[in-house]
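**Student:**
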Amino acid sequence: MNRSDEEPDDVERAVEAVLFAAAEPLTIDAIRAHVGEGDIRAALGGLAARYAGRGIELVRRGDRWQFQTAGDLAHLLRRDREEARKLSRAGTETLAIIAYHEPVTRAEIEAIRGVQISKGTLDVLMEAGWVRPAGRREVPGRPLTYATTPGFLVHFGLDSRRDLPGIDDLRAAGLLDPVDLAMGDDDAGLVVENPTEDA
Amino acid sequence: MNRSDEEPDDVERAVEAVLFAAAEPLTIDAIRAHVGEGDIRAALGGLAARYAGRGIELVRRGDRWQFQTAGDLAHLLRRDREEARKLSRAGTETLAIIAYHEPVTRAEIEAIRGVQISKGTLDVLMEAGWVRPAGRREVPGRPLTYATTPGFLVHFGLDSRRDLPGIDDLRAAGLLDPVDLAMGDDDAGLVVENPTEDA
Amino acid sequence: MADDPATLTLDIDGWEGPLDLLLALARSQKVDLRQISILELVEQYLGFVDSAAALKLELAADYLVMAAWLAYLKSALLLPRDPEQEPSPEEMALRLQLRLERLNTMREAGARLMARDRLGRDVFRRDAPAGLRTVRKAVWGAEIYDLIAAYGRISARTRPMMHIVADREVMTLDAALERVSAMIGATIDWAAIDTFLPSGSARWRTSALASSFLAALELAKQGRVELRQQAPFAPLYLRAAP
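Protein chains in written order, with the UniProt record's numbering: chain U, 1 to 199; chain A, 1 to 199; chain B, 1 to 242.
#1: Assuming Ser-212(B) contacts Ile-188(B) under a Cβ cut-off of 8 Å, what Cβ separation, rounded to an integer in Å, is found between them?
#2: Report the rounded CA-to-CA distance for Arg-224(B) versus Glu-218(B), giving the unit in angstroms.
#3: Pick helix, strand or coil for Trp-204(B), following the three-state DSSP scheme.
#4: Can you tell me the Cα-Cα spacing of Pro-56(A) and Arg-13(A), whole angstroms?
#5: Under 8 Å, CB to CB, which of the residues in the segment 100-134 of chain U have a partner in chain A?
#6: How many angstroms separate the CA atom of Gln-97(B) from the CA atom of Pro-143(U)?
#7: Just to confirm the assignment: which complete alpha helix (DSSP H) runs, minimum length 4, are found wholly within the segment 76-141 of chain U?
#8: Does chain U have any CB closer than 7 Å to the CB of Pro-129(B)?
#9: Using 7 Å as the threshold, is the C-beta distance between Thr-145(U) and Pro-103(U) below it?
#10: DSSP three-state call for Trp-69(B): helix, strand or coil?
#11: Let me know the secondary structure DSSP gives Ala-176(B) once reduced to three states.
#12: Please identify the residue among Ala-134(A), Val-139(A) and Glu-83(A) whose C-alpha is closest to the C-alpha of Ala-147(A).
#13: Please name the residue, chosen from Arg-61(U), Asp-9(U), Ala-111(U) and Thr-105(U), that lies closest to Val-139(U) on a Cα-to-Cα basis.
#14: Between Val-123(B) and Thr-27(U), is the Cβ-Cβ spacing less than 7 Å?
#15: For the candidate residues Arg-203(B), Leu-39(B) and Leu-236(B), whose alpha-carbon lies nearest to that of Phe-196(B)?
#16: Can you tell me whether Val-11(A) is buried or exposed? The criterion is at least 16 other CB atoms within 10 Å of its CB, across all chains shown.
#17: Measuring only between beta-carbons, confirm whether Trp-140(B) sits less than 7 Å from chain A.
#18: Relative to the alpha-carbon of Ile-97(U), which residue among Met-106(B), Leu-100(B), Glu-90(B) and Met-92(B) has its alpha-carbon at the smallest distance?
#19: Run through chain B and tell me which residues come within less than 7 Å of Asp-80(A), C-beta to C-beta.
#20: If the cut is a Cβ gap below 8 Å, which residues of chain A does Ile-56(U) touch?
#21: Spatial neighbours of Leu-47(U) within its chain, please: C-beta separation below 7 Å, excluding the five flanking residues on both sides.
#22: Using the beta-carbon of each residue, which ones in chain B are nearer than 7 Å to Glu-12(U)?
#23: How about Leu-77(U): is its C-beta nearer than 7 Å to some C-beta of chain A?
#24: Counting only Cβ pairs nearer than 7 Å, list the residues of chain B close to Ala-23(A).
#25: Distance cutoff 7 Å, beta carbons only. Does Leu-73(U) sit that close to anything in chain A?
#26: Using a Cβ-Cβ cut-off of 7 Å, state whether Ala-43(A) counts as contacting chain B.
#27: What span of residues does the beta strand (DSSP E) with Val-225(B) cover, start to end?
Here it is, written out as structure tokens:
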């Protein structure tokens with residue numbers, strides 16, 4: 001749908017201005033608080049179509065919307081900017097495990113990685129604003145679980161967690177099933193379904 | 001010139017992204033430093049036309065260019081939020097004294113309450129639109145007096161201050177039962193003018 | 001294993017734990033992880049541990065625990081089947097393979113995540129947006145009841161107080177003095193103070209007792225009566241002074 005040859009309606013102009021001025025991604029409710037009455041959702045749809053393929057794009061991150069530059073123009077913009085601090089391998093893996101398994105306990109993360117999480121790893125992810133504590137699991141010891149934040153979606157350009165690459169395939173393959181915490185413990189008695197069946 | 005139904009060219013997209021992400025207005029040279037070769041001026045002209053009449057506009061300030069929200073939408077970026085707040089006990093008592101005794105000075109209010117009033121208390125009552133300064137009393141120090149406003153009557157559904165119940169009414173309603181005498185200072189020793197006189 | 005907090009984790013050539021090492025070895029088989037030979041993998045791992053030992057490298061405990069477990073798995077896989085054994089060696093091998101696959105999957109997912117167009121690195125928001133402002137305006141609320149109740153409260157607190165004592169039967173000191181003086185003249189011997197009291201209500205008699213007592217003290221002070229009491233709270237006797 002190419003609407004760009006039509007006159008934008010007032011709601012669309014208003015939503016455009018509000019999102020442009022906003023310092024943070026905005027929910028539809030937050031947009032409405034500024035714009036007032038009107039079909040915000042339709043306006044967002046109209047704007048998304050209008051900006052598709054342009055140097056600026058309207059994107060949805062979780063339940064929030066924002067303008068950002070198109071990804072293919074990164075090389076033009078990167079020039080005078082600091083490279084984002086590089087996450088360690090442990091940090092990267094831990095973040096991936098949390099994102100694909102959330103909510104997940106520290107012990108479960110350690111079971112997947114086969115190694116203890118060093119003290120700073122979760123701290124770094126939380127400090128970056130990508131990971132948050134997500135309540136306790138009601139099992140003995142009531143361990144804390146971790147999950148990703150809306151900021152995680154924003155930073156990594158994901159509409160929602162469903163957009164995590166390959167998540168549906170991994171789930172179908174049983175690779176995201178609850179982790180057998182006690183691998184090597186013969187008493188675990190957990191029957192592992194054959195993960196190759198439907199892969 | 002309406003170019004918006006054409007595909008934007010690469011230079012235009014690049015200029016769009018660079019201007020969007022910039023912290024401040026950019027000169028053509030600064031834009032070229034990011035975008036590289038290409039007709040920056042033509043791209044700016046194309047963008048200006050494309051954004052004309054929209055919620056965001058491309059504007060030129062001297063020799064610098066920037067995006068900004070359309071001037072007519074500035075009011076949307078500021079939102080007044082009303083927060084319901086309940087008047088404190090000190091505020092309510094002070095308002096009552098002003099209503100029954102106006103015009104009344106701060107010192108008189110304090111004498112009647114038997115407690116000092118903080119600066120904020122009168123400010124709140126004036127912010128609420130219920131109390132106004134009502135001239136100075138011609139005594140040494142010329143203290144300011146306070147009185148209620150028409151807004152006060154409207155808010156409390158009173159036709160006039162005469163509608164305020166007098167002492168006898170209060171007594172009949174059980175509102176003079178000294179339930180919280182313990183909290184007051186019995187030695188205040190103040191003779192309260194009988195407010196029923198003009199009720 | 002990894003859950004033991006006392007385990008010393010030592011990075012050996014950049015491996016993060018035995019599972020990481022196993023995964024690296026498995027990938028060196030250059031086949032899909034689902035088709036790796038577990039037996040071959042076990043040989044590779046044990047070979048690595050042996051060579052580390054030969055080099056007198058001190059391996060972290062969890063590498064050795066894994067080596068022991070793999071040696072056990074190897075023997076279980078090679079020896080005749082024990083139908084009683086739970087889980088079966090095949091299942092144990094499958095679980096190991098699944099763990100490697102999971103770790104590998106997450107490693108790849110992490111790499112793909114990091115390679116995405118990331119905000120602030122590849123895509124950008126506006127650097128200095130004007131921002132949206134919310135101006136908070138307080139709307140003060142109070143009800144007329146609050147107002148008049150407050151005034152009632154202040155009035156009750158600060159009005160001058162008049163204390164009214166309920167009227168009750170009282171014998172004044174003067175009356176008692178007169179009465180006791182008169183009665184003492186008519187009595188020769190010691191008499192308990194009770195006998196000086198008039199009849200009447202309990203309250204009246206209480207007041208009369210108090211007043212008569214004070215009168216007795218006053219008369220004693222004047223030298224007109226003598227007082228006698230055996231013990232504290234014992235009956236008080238009086239008679240005219242001789």
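We put the beta carbon where it would ideally sit given N, CA and C, even for glycine.
None of the values given here were measured: they were computed from a predicted structure.
**Tutor:** In this structure, then:
#1: About 19 Å separates the two Cβ atoms, so there is no contact after all.
#2: 9 Å
#3: helix
#4: Before going further, note that residue 56(A) is Ile rather than Pro in the sequence given. For Ile-56(A) and Arg-13(A), the distance between alpha carbons rounds to 15 Å.
#5: Cβ contacts with chain A: none found.
#6: 27 Å
#7: 89-101, 106-113 and 119-127
#8: Interface annotation, Pro-129(B): in contact with chain U, CB-CB separation under 7 Å.
#9: yes
#10: helix
#11: helix
#12: Residue nearest to Ala-147(A) within the set Ala-134(A), Val-139(A) and Glu-83(A) is Ala-134(A) (criterion: CA-CA distance).
#13: Thr-105(U)
#14: no
#15: The closest CA to that of Phe-196(B), considering only Arg-203(B), Leu-39(B) and Leu-236(B), is found on Leu-236(B).
#16: buried
#17: yes
#18: Minimum Cα-Cα distance from Ile-97(U) among the listed residues Met-106(B), Leu-100(B), Glu-90(B) and Met-92(B) corresponds to Met-106(B).
#19: Val-135 and Lys-137
#20: For the C-beta of Ile-56(U), the chain A residues within less than 8 Å are, from N- to C-terminus, Glu-16, Ala-17 and Phe-20.
#21: Glu-12, Val-15, Glu-16 and Leu-58
#22: Close partners of Glu-12(U) in chain B (Cβ separation under 7 Å) are lacking, with about 18 Å as the shortest Cβ gap.
#23: yes
#24: Asp-127 and Ala-128
#25: yes
#26: no
#27: 225-229
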